[in-house]
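Report on the following structure.
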Amino acid sequence: MVQEQENIEQKFKHCEPMIMTGSDWQSFKKATLCHICKKELADIRVRDHCHVTGKFRGAAHNDCNINYKFTGRIPVVFHNLRGYDSHLIMQAIGKVEGKQLNCIANNMEKYISFSLGCMDFIDSLQFMSSSLQKLVENLAKEGSSKFRHMTSHFGEEQISLLLRKQVYPYEYFDSEAKFWKLNYHRLKIFTVHYREKV
Numbered sequence: 001m002v003q004e005q006e007n008i009e010q011k012f013k014h015c016e017p018m019i020m021t022g023s024d025w026q027s028f029k030k031a032t033l034c035h036i037c038k039k040e041l042a043d044i045r046v047r048d049h050c051h052v053t054g055k056f057r058g059a060a061h062n063d064c065n066i067n068y069k070f071t072g073r074i075p076v077v078f079h080n081l082r083g084y085d086s087h088l089i090m091q092a093i094g095k096v097e098g099k100q101l102n103c104i105a106n107n108m109e110k111y112i113s114f115s116l117g118c119m120d121f122i123d124s125l126q127f128m129s130s131s132l133q134k135l136v137e138n139l140a141k142e143g144s145s146k147f148r149h150m151t152s153h154f155g156e157e158q159i160s161l162l163l164r165k166q167v168y169p170y171e172y173f174d175s176e177a178k179f180w181k182l183n184y185h186r187l188k189i190f191t192v193h194y195r196e197k198v
């Protein structure tokens with residue numbers, strides 16, 4: 001996780017030069033609104049681009065463009081982080097050296113949020129108080145356009161599986177040691193659990 005953070009930081013330190021296609025130039029010249037603040041553009045406008053990819057994003061006010069930047073913070077979002085997940089993460093974070101740890105806690109066992117270096121761990125359940133299953137079901141009703149990243153990587157059959165709660169034998173995995181037992185019984189555990197639920 002710390003290695004991923006360092007990779008992300010390195011990517012944001014480097015600024016790719018802007019790539020402008022013919023249609024980008026047309027879009028820039030025809031723009032009437034700043035793509036950042038959505039207010040009317042005057043004659044003086046600048047070209048905003050993604051510093052990671054180099055792609056043109058749109059015409060902007062100079063002030064908007066200057067203030068539109070990477071904050072240096074990396075959000076790490078978990079649903080119900082205050083629950084069990086935070087305990088596992090905190091155990092691992094305790095072993096990390098050379099990074100500052102900050103924490104906002106409810107009590108000694110439940111954390112509202114915490115940060116390690118430039119990574120901010122937040123609990124999405126705090127501002128979307130529904131189960132992940134319910135949140136996904138609600139979005140799925142609006143169509144697959146709400147899942148554009150998934151639809152670009154997976155086919156219809158796979159997406160229908162990804163948009164529903166999966167079977168998991170919670171009762172079987174009552175200790176960490178069971179995760180390390182690699183044997184043919186694993187599939188049987190899932191099958192039995194699934195039949196009981198159906």
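At position 88 of the sequence shown the residue is numbered 88 (the UniProt record's numbering), and the sequence of numbers has no breaks. Glycine included, C-beta positions come from ideal geometry on N, C-alpha and C.
- Annotated three-state conformation of M150 is helix, per DSSP.
- For H49, the enclosing beta strand (DSSP E) starts and ends at V46 to H49.
- If you look at G22, you'll find it in the alpha helix (DSSP H) that goes G22 to K30.
- Residue range V2 to K13 is occupied by the alpha helix (DSSP H) that includes F12.
- With respect to C118, I74 sits close: the two C-beta atoms are nearer than 8 Å.
- Taking E142 as the centre and dropping the five residues before and after it, the same chain places no C-beta closer than 7 Å to its C-beta.
- DSSP, read as helix, strand or coil, puts C103 in strand.
- By DSSP's assignment, V77 forms a beta bridge with I122.
- When the beta-carbon positions are compared, S113 and I122 come within less than 8 Å of each other.
- The shortest C-alpha to C-alpha distance from S27 to any of V46, K95 and P17 is the one to V46.
- Separation of K95 and I44 (C-alpha to C-alpha, rounded to the nearest whole angstrom) is 52 Å.
- The stretch 83-103 and the stretch 55-75 do not touch, with fewer than three beta-carbon pairs separated by less than 8 Å.
- One thing to note: E9 has its Cβ no nearer than 8 Å to the Cβ of G54.
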